[in-house]
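Read through the structure below, which is laid out as structure tokens, and then see the notes.
This is the structure:
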């Protein structure tokens, strides 16, 4: 029997994102995982496969159709560009190429799917920005945002979003029973990516030159393994019923399998393990300035990283966009 | 040796708040715990004491100087009023008397200490409102809040804030690895208390008739046992440096031992087990509308409940205000 | 295109086991989930499907090939027997039928697969017993156990093993940061099932009349959602090298896809989400009485409940035994 | 007013044990904390005090009455011996001096209190051994242990027992939702300390030459911050009723404030924050070989480390043994 599957490799396969990539590829119906690299674990077996981890220098990069690069931001760009020059489609999951370095395409399919088709170097979006951009694009497109007030984006993420490096701040003894903000005041490294995406959402949708709305982004570290919740306070020009919000967002995302929309507010349990952004809405009583509450939940390792990377590779390689993705 | 200590009792001593009351009173230098009531555990020993739980009908309410009533909201008012009529000072920790029912005094010492001196029936503030009112009173007094934008109060609480009743939503299997909003859109039962306190803060401080600023309050349930974090987005008439904010808040709370103020943002670990509200500040880059980030952390069972109850009883009984309180 | 799939229903679909059953059936390649019953959630949508929960009285039991009954022990037998009389294969996941009530077959495929083929009423094994019996059957068959000393079985389970009923002992505020033993001294309700299985393992394997070895079983409650670890101290007639233990167990389970065997000791992370029992071995230094340490890990909801139920249904229905099972 | 308090210092004050030492000394009625050293945090304020962390080279070691050395095992002996030569009583909390190096006294007051009086160099016992020795000494003294079977000691500890160094295995993302054994087969570094203590317990109590009973020790890593539970399977020459066990252990520890004894089995919640070992007992049904279940719980940072260090210093300095200790 002929195997027409495409061949895939993972570079940096033992971080949390890399592990999730391997797990997704191990059960992907149209992609075969043929290597997984890890400097630290080289020679050891790769859970759920018959492979052993290779050193990067031994990985047959030129021999695959797609490489997923799951290295830390700062260490990723060089490896991704070198891999790309060897031939395969490259999906870089770090923040290194998200401003288009090396010709990379910023790939958030629900907003800019056409960019992804036929792309050869893909910058996979950040976990926080994915939820924020999916949440806000319909509002920016419809012109209902009040520009005189900032959008407040209060977010919280599980620890796997911070990577698997041994840092004291991420020890169980530190994180357990704690909760705190970090990177506040629009100083988190995802802020430029959020701003660029919001500006483009404004542009792309209504033809005006793209100017991002003002916003304030505050991430917090949650004592959970995975999942992001983003509670967004959206200033409106005039009040909007929740049912109208659901209708507007539902129309915008009609046919999108990876966006869940409802009146109920999602929690982490609703999305962990699934390649979706789940959105819920609420109005606000007893406040003069019309404001819509938008709550977005997503799995930082899935739609926020490895799942979206598979989705993007599926598109770029001409496969079924949802192949291999738990929904 | 003569024991000049005052005598205290706890009604509803096996909920999370009641347990904390018992633990605090067991080591209070000037209050002796003489009874602890529990219908469910009557006859069993009270941890850390030589007492046994009594049924309420057997509790010597008339024989103590102060009774702390730790019953659920809705079941508390009647018991508190009956206890009060028997003689002792009563501190009601539920929400039942916070609108002044039965002549109760709303007792948040850092803002309205004079009300507490000599009070005989005390409504102990809610956990969320305590952090919010302590955070915002200096801003309201100084007139720097921009009334055209709502104050956004994004809050998260550990599970002990929801009580110890057996509810499916509070099972470990539900709460662990989850995070979600509840009571959103200014529909949480603490909202009227917050509004009343903010209105009074505006009044009391600047002589104008008290009108609460507009605000949006969104609580979330955290997978931790105890602790509240409140991330507050304060709209300002004009920008304020963090150092100036620290100076303003520090001056307002000069001499207050139960308010911590600094530039660093507090987390739950900084406050659990201590009778304090800890406040930190941050400015916000790249936003047109001047906004100050105020982060408040407190232990919902301590400064948010039992600790503040002790503090209030100390004041009302003429004891050292900080006696028996871990700081 | 003709759908030759078998049809399946789940009774009691909103407990932890029921939810896992639904999730497994939703992606099973050869079984179609056609109903899921829940008295409490009737009319609400079933996550991950297009179904709504039905009341049991409305469930088309006679119209399916297999029904999985996920009701609490004590409430399950009657429903299972009535369902069986309506026609379909019934798999009862409670403890109600594990002594063969109603003609039920005790179905642990790796030990007694032949019993399962063609069965019409299946008692799915308990979570603790599954790990214990899989761990000990090879030792009992080989006659290496020293009968003069008890086998010590020290076990720990995540909270989902205790069901989803609202009980104070299972609140997050109680379980988090705690760890304790329960049902100690061979008084846990799984003890008769363990004893019966051990006796049969001794019989079936070596032809002698089956007498269970003496054992002591101590379960503990872990602050995790899912997973069981069983640390077993196996008294031996004479010392056994770890490599020899691995060889003996590997030979016993040759060809079994749902048993992992290795020298490394497994933890919960190695098995959660997978339909396996993972076994590891260690010898013990500086002890006179030869003892082998056997550590078993399994997911209480998967190989300990829903996964094994699917495995059993696959066998009884003549499907691929591993169809729909994550390994 | 004259302050007759003794003066104390802490070396290695930012690890989990060091933090607990500082917290205990900050509220000790007869010891004043005058320095806390930390190379990493030098110059930063010490929580709950008016001190700043000093580098060790700047710490006034010669100027205090007692120094608590909380450095990692391996790095501690040299510092402790140098500190001792400068004059003060030294309590070393590592494992470095537990075999009597440098003339150190092994100080477990409930068993060998006389050794501690007037000691000048104290080796504070390990957390696991403290619980084990307190559990087993009465049994060894009374001669009821069956020497032909090993004592099985199945133990589990929270993560703070492993220190605060940044190690991948201790990340929240690794430990959360996991549970596994480590250092099995009597290979944990505490085994020699356990063996020596058991041998001495046998000697000291019954006058025979001390030979440790055979035992098997298996520690596990728990997803909690603090607390140790030790489930001990004690082989007996003949059966013992639980009430008789309670009586025997209670008599042995008559007057000891830091040992709790009862029929109920303790959990971590019963001991965290308290300087006690809590013991419970159960008999075992349906087993031929008489076996008593002894469950010990203690807080690894309190009676397992910093609390016991304070208790020992109190004794050696002639203070009230329980001064400053939460019970």
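Chains as they are written, first to last, in the numbering used here: chain B, 2 to 328; chain X, 2 to 328; chain L, 2 to 328; chain R, 2 to 328. Where a beta carbon is used, it is the ideal one built from N, C-alpha and C, also for glycine. Since the model is a prediction, treat every value here as computed from it, not as a measurement.
- Secondary structure of residue 275 of chain B (DSSP, three-state): coil.
- Partner residues in the beta bridge of residue 10 of chain B, as assigned by DSSP, are B/36, B/68.
- Contact annotation: residue 106 of chain R and residue 120 of chain R have beta-carbon atoms nearer than 8 Å.
- For residue 153 of chain R, the pairing in a beta bridge is given by DSSP as R/217, R/234.
- Look at the segment 155-177 of chain B: the residues with a C-beta under 7 Å from a C-beta of chain R are 160, 161, 165, 167, 168, 169, 171, 172, 173, 174, 176, 177.
- Taking 8 Å as the cut-off, the Cβ atoms of residue 31 of chain X and residue 22 of chain X do not count as close.
- Residues of chain X whose Cβ lies closer than 9 Å to the Cβ of residue 224 of chain L are, in chain order, 173, 177.
- Linking residue 201 of chain L to residue 211 of chain L through their CA atoms gives a straight-line distance of about 6 Å.
- Taking C-beta atoms as the reference points, residue 241 of chain R and residue 293 of chain R count as a pair closer than 8 Å.
- Spanning the alpha carbons of residue 231 of chain R and residue 157 of chain R requires a straight line of approximately 6 Å.
- Taking 8 Å as the cut-off, the beta carbon of residue 27 of chain R is found closer than this to the beta carbon of residue 49 of chain R.
- Of all alpha-carbon atoms in X/124, X/99, X/196, the one lying nearest the alpha-carbon of residue 152 of chain X is that of X/196.
- Considering only L/256, L/317, L/180, L/203, the residue with the shortest C-alpha distance to residue 223 of chain L is L/180.
- Around residue 287 of chain B, the beta-carbon contacts reaching into chain X at under 7 Å are 187.
- Under a criterion of Cβ atoms nearer than 8 Å, the residues of chain L adjacent to residue 217 of chain R are, in order, 234, 285, 288, 292, 294.
- Note: residue 55 of chain X is bridge-paired with X/38 in the DSSP secondary-structure output.
- Cα atoms of residue 204 of chain L and residue 138 of chain L: separation of roughly 10 Å, rounded to the nearest angstrom.
- At least one beta carbon of chain L lies nearer than 8 Å to the beta carbon of residue 182 of chain R.
- Listed in chain order, the positions of the segment 53-64 of chain L with a beta carbon within less than 7 Å of a beta carbon of chain X would be empty, since no residue qualifies.
- Nearest in C-alpha terms to residue 247 of chain L, of all of L/55, L/284, L/44, L/155, is L/284.
- Here residue 80 of chain X is not near residue 90 of chain X, since their CB atoms are 8 Å or more apart.
- Cβ-Cβ distances below 7 Å link residue 140 of chain X to 146, 235 in the same chain, with the five nearest sequence neighbours on each side left out; the list follows chain order.
- The beta-carbon of residue 254 of chain R is placed no less than 8 Å from the nearest beta-carbon of chain B.
- When C-beta atoms of the segment 257-270 of chain B are compared with those of the segment 181-191 of chain B, fewer than three pairs fall below 8 Å, so the two segments do not count as touching.
- Under the Cβ distance rule, residue 268 of chain L counts among the residues neighbouring chain R, one pair being separated by less than 8 Å.
- Against chain L, a Cβ distance below 9 Å from residue 129 of chain X picks out nothing, because the smallest value is about 18 Å.
- Distances from the alpha-carbon of residue 19 of chain X to those of X/220, X/309, X/296 put X/309 closest.
- With a 10 Å radius around the Cβ and a threshold of 16 neighbouring Cβ atoms, residue 301 of chain X comes out buried.
- Closer than 7 Å at the C-beta level to chain L, one finds these residues of the segment 13-39 of chain X: 17.
- Residue 41 of chain X and residue 10 of chain X have their C-alpha atoms roughly 17 Å apart.
- Within the segment 120-153 of chain L, the residues whose Cβ lies closer than 9 Å to any Cβ of chain R are, in chain order, 148, 149, 150, 151, 153.
- With its beta carbon at least 8 Å from every one in chain X, residue 198 of chain B lies outside the interface.
- Between the alpha carbons of residue 62 of chain X and residue 173 of chain X lies a gap of roughly 36 Å.
- Distances from the alpha-carbon of residue 130 of chain R to those of R/319, R/327, R/297, R/324 put R/297 closest.
- Our two residues, residue 93 of chain L and residue 87 of chain X, have alpha carbons roughly 58 Å apart in a direct line.
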